[in-house]
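In what follows, a single structure is set out as structure tokens and then discussed.
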Amino acid sequence: MFDIGFWELLLIAIVGLLVLGPERLPSALRSAQRTFSGIRSYGQRMQNELDHELRIKELHENLKKAEARDFSDLSPELQRSIVELQSAADSVQRPYQRTDDEASTCSDDSTDGKRGSDV
């Protein structure tokens, strides 16, 4: 990647040893390693996020094509995209439905408790 050979690496190590000394060199190397791994993980996260966003954009484009054709005579690729979008929409709505059901159950329980204490 950087095209650093053995002799260049050895020269960097010797200069680092002379500048930092034997006490601080290991901690400086660990610090540099943490920094580079952080940069690498940040790049990987950004790449994954871009891939995800591109996939979403592709699904939206396929949905628009399907809507333009009125969902008739669709290619298998467009049908798969529609099914995938519908399942994603269903999975997003399910947690909210459960929360609403639980909220109504909790409010019923709390009103039952109030009636029992008043009697």
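Okay, so the sequence shown: first residue is 83 according to my numbering, each after it adds one.
Ideal placement from N, C-alpha and C gives every residue a C-beta, glycine not left out.
Under 6 Å Cβ to Cβ from residue i, same chain only, skipping five residues before and after it: list those, please.
i	result
S173	none
On the criterion of 16 or more Cβ atoms from any shown chain inside 10 Å, does residue i qualify as buried, or is it exposed?
i	result
V201	Reliability of the predicted coordinates at V201 is poor, the pLDDT of 47 falling under 50, and the value obtained from them is presented with this limitation in mind. Label assigned to V201: exposed.
N130	exposed
S163	buried
Helix, strand or coil for residue i? Go by DSSP, reduced to three states.
i	result
I121	helix
I138	helix
V201	Confidence at V201 is low in this model, with a pLDDT of 47, below 50, so the placement of that residue is unreliable and no value is reported for it.
G98	helix
L132	helix
S157	coil
G103	helix
I86	coil
R127	helix
D152	coil
Assuming the contact rule is C-beta atoms closer than 8 Å, residue i and residue j should be a hit. Round their C-beta distance to whole Å, please.
i	j	result
K146	L160	Actually they do not touch by this definition, with Cβ atoms about 10 Å apart.
L107	L99	6 Å
L167	L141	6 Å
Tell me which same chain residues have a C-beta within less than 7 Å of the C-beta of residue i, skipping the five on either side of it?
i	result
W89	none
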